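*Asks:* In this text, residue positions in the sequence shown follow this note's numbering: the first is 11, and each later residue adds one. A virtual CB, placed ideally from N, CA and C, is assigned to each residue, including glycine. Since this is a predicted model, take the numbers as computed values, not measurements.
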Amino acid sequence: MPMSEAFKKRVFPLLPQLAAHYGTPFHIYDEAGIRATGERLQKAFAGIPGFREYFAVKALPNRRIQALMRQMGFGFDCSSIPELVLARQVGGQGEDIMFTSNNTSPEEYAFASQDGGCILNLDDISFIPKVPKFPELICFRYNPGPRRTGNVIIGNPVEAKYGVAHEQLVEAYRRARERGAKRFGLHTMVASNERDYTYIVQTAVMLLELTALLEKELGIKLEFVNIGGGLGIPYRPDHLPLDLDSMAQEITALFDTFRKEHGWAPKMLMESGRFITGPHGCLVTTAINSKDTYRKYIGVDACMSALMRPALYDAYHHIDVLGKEHAHKSEFYDVVGSLCENNDKFAVQRDLPAINDGDILVIHDTGAHGHAMGFQYNGRLRPKELLLRLDGSVELIRRAETVEDYFITYNFAPDVLKP
Ligand SMILES: *Cc1c(COP(=O)(O)O)cnc(C)c1O
């Protein structure tokens, strides 16, 4: 089931009051749910010494949420300067931060090395001479190419712009060592929103094979392998959840076997985003218009600036109409925002109960890659974010954008060049 029953039970009764107090639209996140999932992940992999989750900051880059990740002992997976700043703002330092950028600029490398640095994860062999201050600890992102078939969002590894090719991997570590690296890690990210846990087990198999290869070829004992993110969540009511426990058991057994055969084993890192926060957020919006033309439309007060996934990936997000959760689904609606793009639809021909102006709609599973992806196209501004805290109180953790924010980038000194 999308969105846990526990979250529903906690948040649905509050929504009329929250809508009245804060105004819609807003995303609301569930601290209890995020913590429970975080703890579940840590417990599942407790059998691998040194296991650590590096939360993929891009999934939910809210400072309050990142502080929560820090409290849970997670590190941060960043891929831009603002994400590095955010991780450092909440106390992330040095090896708490993994910098997995691609098509990286000199400014980014310089910034990454400041303030105690971070774990640099290089996306290509050509970056080795370009890193200004080559660190002692270095990681490479691996792209298996035709050895693996990707899944829908990430696509086929052969077509993916990310990572070092198989044939270049040993050479990459050799060159990194020549530049002074003494400690090494290996990273890959070959799945996105994958609910078939065996796919992720196969990724662990692949990484441990490469670990053995690097020891054999170069005598390098990797300190860690980072299995990436991409753990899937059920968005549709008929989706089965990822079997985390089976996945963890099988991966732990792989590491145990490796340790028996080699007398040592790398640590395992993970950089899950969606799995940790995705189901623990929802977008709350009010129906403000209805329209009956060739189809029936419900216009809501949020638009794709608050949630891009349906437009970008044709993604399904389950919708409840507050107070009508169990009502007969008598209608087929397109649920739309007001942006001048016809893909600004949260749902297309969705069977829903009859909706009236003023009804509150809850769009499920917006806790990851939701607010974060929003944009300002068409002058449609991004909504606020709320946190339902452990004690049942609700906190505004980001205000809505204002018209002033929209114009803020005109604040600059005049700069005219006459070439
Ligand atoms: C986006 C991303 C993640 C997180 O992906 P999820 O699907 O949210 O788990 C992890 N690592 C990298 C490199 C990414 O780009």
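1) Under DSSP, the alpha helix (DSSP H) around E233 begins and ends at which residues?
2) Can D367 and N421 be called in contact, C-beta distance under 8 angstroms?
3) Secondary structure at A297, three-state DSSP: helix, strand or coil?
4) Mind listing, in chain order, the continuous alpha helix (DSSP H) runs of no fewer than 4 residues lying wholly within the segment 122-208?
5) Note down, one range per segment and in chain order, each alpha helix (DSSP H) of at least 4 residues found wholly within the segment 85-112.
6) What whole-angstrom Cβ distance do L349 and C313 have, given they're in contact under 8 angstroms?
7) With a CB to CB cut of under 6 angstroms and the five nearest residues on each side skipped, what residues in its chain are close to T47?
8) Use the C-beta contact count for A182: other C-beta atoms within 10 angstroms, 16 or more gives buried, fewer gives exposed.
9) Spatial neighbours of M11 within its chain, please: C-beta separation below 8 angstroms, excluding the five flanking residues on both sides.
10) Only counting the same chain, and skipping five residues up and downstream in sequence, which positions put a Cβ closer than 6 angstroms to that of G242?
11) Using a strict less-than 7 angstroms threshold between each residue's beta carbon and the heavy atoms of ligand 1, what residues do you get?
12) Within the chosen definition, does the segment 125-135 reach the segment 88-105 through at least 3 CB pairs nearer than 8 angstroms?
13) Which whole-angstrom value describes the C-beta separation of L232 and L196, a residue pair presumed to lie in contact below a C-beta threshold of 8 angstroms?
14) Sorted by chain position, which residues of the same chain lie with C-beta nearer than 6 angstroms to T34's C-beta, five sequence neighbours on each side aside?
15) Taking the continuous beta strand (DSSP E) assigned at D344, which residues delimit it?
16) Could you have a look at L322 and say whether DSSP puts it in helix, strand or coil?
17) DSSP three-state call for V426: helix, strand or coil?
18) Can you tell me the Cα-Cα spacing of A16 and E227, whole angstroms?
19) How many angstroms separate the CA atom of E118 from the CA atom of S90?
20) Quick check: the Cα distance between Y39 and M257, rounded to an integer number of angstroms?
21) From what residue to what residue does the beta strand (DSSP E) around G309 run?
22) Do you know offhand how far G101's Cα is from S123's?
*Replies:* Concretely, from the data shown:
1) On the sequence shown, residue 233 is found 223 positions in, with the first residue counted as 1. Counting along the chain, E233 falls outside any alpha helix (DSSP H), and DSSP gives it neither H nor E.
2) Numbered from 1 along the sequence shown, position 357 holds the residue referred to as residue 367. Numbered from 1 along the sequence shown, position 411 holds the residue referred to as residue 421. No, these two residues do not count as a Cβ contact at 8 angstroms.
3) Locating residue 297 in the sequence shown gives position 287, where the first residue counts as 1. Correct three-state label for A297: strand.
4) 179-188
5) 91-99
6) Here residue 349 refers to the residue found at position 339 of the sequence shown. Here residue 313 refers to the residue found at position 303 of the sequence shown. At roughly 5 angstroms, the Cβ-Cβ gap stays under 8 angstroms, so L349 and C313 are in contact.
7) The count along the sequence shown starts at 1 and reaches residue 47 at position 37. Around T47: I286.
8) Reading the sequence shown from its first residue, position 172 is the one you call residue 182. The residue is buried, with at least 16 neighbouring Cβ atoms inside 10 Å.
9) Locating residue 11 in the sequence shown gives position 1, counting from the first residue. Since pLDDT at M11 reaches only 48, below the 50 mark, its modelled position is unreliable, and the value read off the structure follows with that caveat. Excluding sequence neighbours, M11 sits near P244 and P247.
10) Residue mapping note: residue 242 aligns to position 232 of the sequence shown, counting from 1. Once the five neighbours on either side are set aside, the close Cβ partners of G242 are N203, E204, R205 and L252.
11) A66, K68, A69, D87, S89, T110, M199, S202, N203, G238, G239, G240, L241, E281, S282, G283, R284, F285, A378 and H379
12) yes
13) Locating residue 232 in the sequence shown gives position 222, counting from the first residue. Locating residue 196 in the sequence shown gives position 186, counting from the first residue. The pair is a contact, with the Cβ atoms about 5 angstroms apart (cut-off 8 angstroms).
14) Taking the sequence shown and counting its residues from 1, one reaches residue 34 at position 24. So the qualifying residues of the chain are V294, T295, T296 and D311.
15) For this step, residue 344 is matched to residue 334 along the sequence shown. Segment E341 to V346, the beta strand (DSSP E) holding D344.
16) Against the sequence shown, residue 322 aligns to sequence position 312. DSSP places L322 in helix when its eight states are reduced to three.
17) Start at 1 with the first residue of the sequence shown, and residue 426 comes out as number 416. Coil.
18) Counting from 1 along the sequence shown, the entry for residue 16 is found at position 6. Counting from 1 along the sequence shown, the entry for residue 227 is found at position 217. Each residue's alpha carbon lies about 51 angstroms from the other.
19) Position 108 of the sequence shown, counted from the start, is the residue given in the question as residue 118. Position 80 of the sequence shown, counted from the start, is the residue given in the question as residue 90. Approximately 7 angstroms between the Cα atoms of the pair.
20) Sequence index remark: in the sequence shown, residue 39 carries index 29 (1-based). Sequence index remark: in the sequence shown, residue 257 carries index 247 (1-based). Those two C-alpha atoms are separated by around 26 angstroms.
21) Indexing the sequence shown from 1 puts residue 309 at position 299. Taken as a continuous stretch (DSSP letters only), the beta strand (DSSP E) holding G309 covers K306 to V310.
22) Your numbering for residue 101 matches position 91 in the sequence shown. Your numbering for residue 123 matches position 113 in the sequence shown. Taking the straight line from one Cα to the other gives about 16 angstroms.
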